[in-house]
Amino acid sequence: MANSKSSDFLLTETDIGKKLDNPYTVANMRKALANLATKGDVKKVENLIATTHYYIKFMPKDEAQYDLLKVDSNLVIYPFPLDVKLSKNNKGNYREPGLPDGVPTYQYAAVPVGYKLPKVGYEVLADLYLPNERMSSSKVAANGLRSLGAPEVTVKGLVNEAERMVAATNGFEEELPPGDDGGYGGGGGGGGGSTCGAPIGEWRPSGRMTMTDDVRGSIGVEGLKIRAYRWFTTYIGFTDANGNYCVDGTFTRPANYWFDFERYEFSVNHNAGGPREISGPKIEGPWNKDFTGYDKFCATIFRAAFHYYYGDIQGLRRPPENSFFNGFQMKIGAYTDNDVNNTSPARLILNLQMIHIFTHPGESSDETYATTIHELAHAVHWNMYASSGWTITNTYTQTSLTVCESWATGVQYVLTRMVYLNYKGRWCNFGDDYKNVIMDMIDTPAEITYYQPNNYGFTNYGYASPQDEVEGYTIVQIQDALIDQTSWLDWRNNIKNLYNNGTENNLDALFNVWSNH
39 MANSKSSDFL
49 LTETDIGKKL
59 DNPYTVANMR
69 KALANLATKG
79 DVKKVENLIA
89 TTHYYIKFMP
99 KDEAQYDLLK
109 VDSNLVIYPF
119 PLDVKLSKNN
129 KGNYREPGLP
139 DGVPTYQYAA
149 VPVGYKLPKV
159 GYEVLADLYL
169 PNERMSSSKV
179 AANGLRSLGA
189 PEVTVKGLVN
199 EAERMVAATN
209 GFEEELPPGD
219 DGGYGGGGGG
229 GGGSTCGAPI
239 GEWRPSGRMT
249 MTDDVRGSIG
259 VEGLKIRAYR
269 WFTTYIGFTD
279 ANGNYCVDGT
289 FTRPANYWFD
299 FERYEFSVNH
309 NAGGPREISG
319 PKIEGPWNKD
329 FTGYDKFCAT
339 IFRAAFHYYY
349 GDIQGLRRPP
359 ENSFFNGFQM
369 KIGAYTDNDV
379 NNTSPARLIL
389 NLQMIHIFTH
399 PGESSDETYA
409 TTIHELAHAV
419 HWNMYASSGW
429 TITNTYTQTS
439 LTVCESWATG
449 VQYVLTRMVY
459 LNYKGRWCNF
469 GDDYKNVIMD
479 MIDTPAEITY
489 YQPNNYGFTN
499 YGYASPQDEV
509 EGYTIVQIQD
519 ALIDQTSWLD
529 WRNNIKNLYN
539 NGTENNLDAL
549 FNVWSNH
């Protein structure tokens, strides 16, 4: 849920932080323009500065309304107010004071005038004038000022003056550009150590996101969406395979870094709350972070989900996708306590509840990664609709747990092994619903596996010859044969019926071995 538990975040007004004087309100921008062009006569410039955006607080009343906000990829929303200087204790875990449990925390955004808003309750907090700061040397209200016989004012100069006006009140005096000339906006910033390149006098936020994987050592975390923002201007960058990022814009003053473990299709949530957030520093330079502890756990879950949604998955189906039609973002809860819910994860997915990933003492990174893939494979299975004429049916609810869990166990093996080359798959206890039949349909009978004598150097937890005399099926073939099949034997028979394989006569024996496992 979207940070929906108030008991975890008991905040006072002092905890929330200081309310700031907003330089981008229409009133303050008019004052700034008057200071630069008409010796402080606001009346003369009132008609030259009009509202371009509204500063809005969205107030979703439940998770369904929260999802309406998340499905709109054009909305840049934050789970905290943008005109409040949050205390250090609040960074990364803000929750709106006074909200009852079960209600998502409020979301904040600057929305253009005329934007079609989602059907979610909201409050307009301020009328804003947000000039295009990417064109900092362009002129503001050029024709209007010319008709007044007033000097030209640049976007940079206007913003500098508006920030100067509120700097003392907000305690931001140290952020003012040196030698500012008002109309032509001189100075400001400096390279800040950025390696991504920026015009003289500006800087581009950048950095690297890493973690120490228990198997692979120090690695970059790919796919994170990093935001750098100052007031209502946000620039975005995505981490590459090495964890490096550069955002798509530049600043002349310090900016705040922020991200959560979320992409459009999915979010990794702090237990049953909202997406796990990490607020970085307000600086003028790169921000690097190495994830440890709980954030390393979340980063590992994120990596697996990013792989399944956006990476190479050998032609498999993706998990359920977010869209205006579905109105659904996959939510993955990252828990550090024990799983006390005895309901099968395969059944929990039936109602599209949050996927729960639990960490256990001694669990390694590849195990967390594999578990995430496993649970998302259940979501894929649920989403495998088979069409018959105009009728769409979903047989997931009738499918045996052995089929559900064995399917997810197989995908877990195939995709995790793409990242962790020596991953051996899931250990399957005798008598449970988890069967490694898929790995045995894919691998060769000659491989050294766990269930054979002299298994030193075994490659997976499957069987070898003579129990396993099957090979050469692909994971996509096995997936497509699963559609509309509800029982262990129906699945097996459909594999035989759909595909020609030189070892298909041995499928019965292999399925029997695992059925008795």
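Heads up: take any position in the sequence shown, counting from 1, add 38, and you land on the numbering used here.
Heads up, the beta-carbon is just placed ideally off N, CA and C, and yes, glycines get one too.
Remember, it's a predicted structure, so these values are computed and weren't measured experimentally.
Given 8 Å as the limit, is there contact between the segment 500-508 and the segment 336-345, that is, 3 or more CB pairs closer than that?
no
Hey, residue 178 and residue 193: beta-carbon distance below 7 Å or not?
Yes. Within cutoff.
Within 10 angstroms of its Cβ, does residue 169 collect 16 or more other Cβ (buried), or is it exposed?
buried
Restricting to runs no shorter than 4 residues, where is the alpha helix (DSSP H) found entirely within the segment 468-527?
475-480, 513-518
Cut-off 7 Å between Cβ atoms - residues of its own chain near residue 541, not counting five sequence neighbours on either side
507, 508, 509, 510
Using only the alpha-carbon positions, how far apart do residue 71 and residue 117 sit?
32 Å
Spell out a yes or no on whether the segment 271-289 and the segment 241-252 are touching, meaning 3 or more CB-CB pairs, one atom from each, closer than 8 Å.
yes
Can you list, in chain order, the residues of its chain with a C-beta nearer than 8 Å to that of residue 261? Leave out the 5 residues immediately preceding and following it.
276, 277, 301, 340, 341, 344, 348
Just how far apart, CA to CA, sit residue 316 and residue 297?
6 Å
With DSSP as the reference, label residue 256 as helix, strand or coil.
strand
At what residues does the beta strand (DSSP E) containing residue 422 begin and finish?
That residue, residue 422, is in no beta strand (DSSP E); it is neither H nor E in DSSP.
How about residue 451: is its C-beta nearer than 7 Å to some C-beta of chain C?
In the displayed structure, chain C is absent; only one protein chain is listed.
Going by other Cβ atoms of all chains shown within 10 Å of its Cβ, with 16 needed for buried, is residue 327 buried or exposed?
buried
Spell out the partners DSSP gives residue 166 in its beta bridges.
63, 91
If you compare alpha carbons, which of 164, 455, 546 is closest to residue 350?
Ranking 164, 455, 546 by Cα distance to residue 350 puts 455 first.
Less than 7 Å separating the beta-carbons of residue 58 and residue 123?
Judged by their CB atoms, residue 58 and residue 123 are nearer to each other than the 7 Å cut-off.
Distance between residue 394 and residue 488 (C-alpha atoms, nearest Å):
Roughly 29 Å between the two C-alpha positions.
Secondary structure, beta strand (DSSP E): runs of 3+ residues fully inside the segment 310-373
315-321, 327-329, 368-373
Residue 524 vs residue 437 beta-carbon contact at 7 Å:
Their beta carbons are under 7 Å apart, which means residue 524 touches residue 437 by this criterion.
Buried or exposed (CB count within 10 angstroms, at least 16 for buried), residue 281
buried
Taking the alpha carbon of residue 93 as the reference point, which residue from 346, 86, 191, 63 has its own alpha carbon closest?
63
Where does residue 414 land, buried or exposed, given buried means 16+ other C-beta within 10 angstroms?
Flag for residue 414 reads buried.
Any contact between the segment 282-297 and the segment 250-266? By contact I mean 3 or more CB pairs, one from each, below 8 Å.
yes
Hey, residue 98 and residue 191: beta-carbon distance below 7 Å or not?
Note that the C-beta distance between residue 98 and residue 191 is not below 7 Å.
Mind checking whether residue 358 and residue 307 have CB atoms under 7 Å apart?
no
Terminal residues of the beta strand (DSSP E) in which residue 188 lies
No beta strand (DSSP E) contains residue 188, which DSSP labels as neither H nor E.
Rounding to the nearest angstrom, what Cα-Cα distance links residue 105 and residue 95 in this structure?
15 Å
Where in the segment 93-150 do unbroken runs of the beta strand (DSSP E), each at least 3 residues long, occur, reported from the N-terminal end onward?
Counting only runs of 3 or more, we get 145-150.
Ordered along the chain, which non-local residues of its own chain (more than five positions away) have a Cβ less than 7 Å from that of residue 526?
438, 440, 441, 549, 553
Classify residue 468: buried if its beta carbon has 16 or more other beta carbons within 10 angstroms, exposed otherwise.
exposed
According to DSSP, is residue 304 part of a helix, a strand, or is it coil?
strand
Going by alpha carbons, who is nearest to residue 522 out of 209, 433, 79, 208?
433
If we count the other Cβ atoms within 10 Å of its Cβ and call it buried at 16 or more, is residue 476 buried or exposed?
Flag for residue 476 reads buried.
If I follow the unbroken beta strand (DSSP E) through residue 284, where does it start and stop?
282-284
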